[in-house]
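536 is the number of the first residue of the sequence shown in the working numbering; add one for each residue after it. We treat Cβ as the ideally placed atom computed from N, Cα and C, and that holds for glycine.
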Amino acid sequence: MDILLKYFADFSEKQQQQFAALNALYKDWNAKINVISRKDIDSLYEKHVLHSLAIAAAFDFPKGSHIIDIGTGGGFPGVPLAIFFPEVRFHLVDSINKKLKIIDAVKEAIGLDNVTTQHSRAEDIKNIKFDFAVSRAVAPLKDLWGWAKPLLKKRDFTVEADGGYTVFRSGLICLKGGDLAQEIFESGTKPQMIELSRLFEEEYFETKYMLYVPA
Ligand SMILES: C[S@@+](CC[C@H](N)C(=O)[O-])C[C@H]1O[C@@H](n2cnc3c(N)ncnc32)[C@H](O)[C@@H]1O
């Protein structure tokens, strides 16, 4: 939990309580439904929660925006982002229903009322559009973009930043690791790439990246 406070200083009391509660909840649920590798569960805050919040460090999602987490598994990055952005709505989707049970239990336990879940393959979702899609460790960028693009509104957002304003476009934001050159080439997209080692100093983030494909 301290590692979150090292990088994010402005959590409310409620947010601190919600983040703090994740440890016991995920330990308990992970023993029943494996969503986090057993060797990583002791590094929940670094490897899962902080990793998810890399998106919050780079993107200030506007109040009222609607975000889909494609292949959320046990709720990453969607759950940490939903705690971080209480006024943003998150729709967490996975093709394996039992993983969503963990999210529903966590949601209930910590009062996370800006989260909905859906058991579906991303490519089967119809008749609903989102402002952003987020995703971690799910599929090659080509597939992810193929699933996300039809689900995205094409919309520009203006947000306050550093005493001025910045504009950014709705799009897909995904967390990935390793050598991404071939995958990016095959996707036919030109994503912006953010090295997570520029955001967080822990060794774990040295080979981790965030890709942003504007809609
Ligand atoms: C490696 S896990 C990552 C889970 C989570 N994003 C995380 O980082 O902990 C990949 C997840 O993507 C889901 N998935 C794979 N293809 C999918 C699709 N087409 N639609 C929805 N979920 C999918 C899988 O069921 C699995 O839960």
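Check: Cβ of V623 within 7 Å of any heavy atom in ligand 1?; Outcome: no
Check: Using CA coordinates, which residue listed in D666, T652 and Q552 is at the minimum distance from I637?; Outcome: T652
Check: List the residues that DSSP assigns as beta-bridge partners of G699.; Outcome: A696
Check: Assign V584 to one of two classes, buried (16 or more other C-beta atoms within 10 Å of its C-beta) or exposed (fewer than that).; Outcome: buried
Check: Counting only runs of 4+ residues fully inside the stretch 597-654, write out the alpha helix (DSSP H) ranges in chain order.; Outcome: 613-619 and 632-645
Check: Given 7 Å as the limit, tell me if G599 has its C-beta closer than that to any heavy atom belonging to ligand 1.; Outcome: no
Check: Can you tell me the Cα-Cα spacing of P597 and G681, whole angstroms?; Outcome: 25 Å
Check: Check each candidate in V650, S732 and F620 and name the one with the smallest Cα separation from G713.; Outcome: S732
Check: Indicate whether the contact test is met: 3 or more Cβ pairs, each with one atom in the stretch 653-669 and one in the stretch 622-636, closer than 8 Å.; Outcome: yes
Check: For ligand 1, is there any heavy atom lying closer than 7 Å to the beta carbon of V669?; Outcome: no
Check: Roughly how many whole angstroms lie between the Cα atoms of D678 and L707?; Outcome: 12 Å
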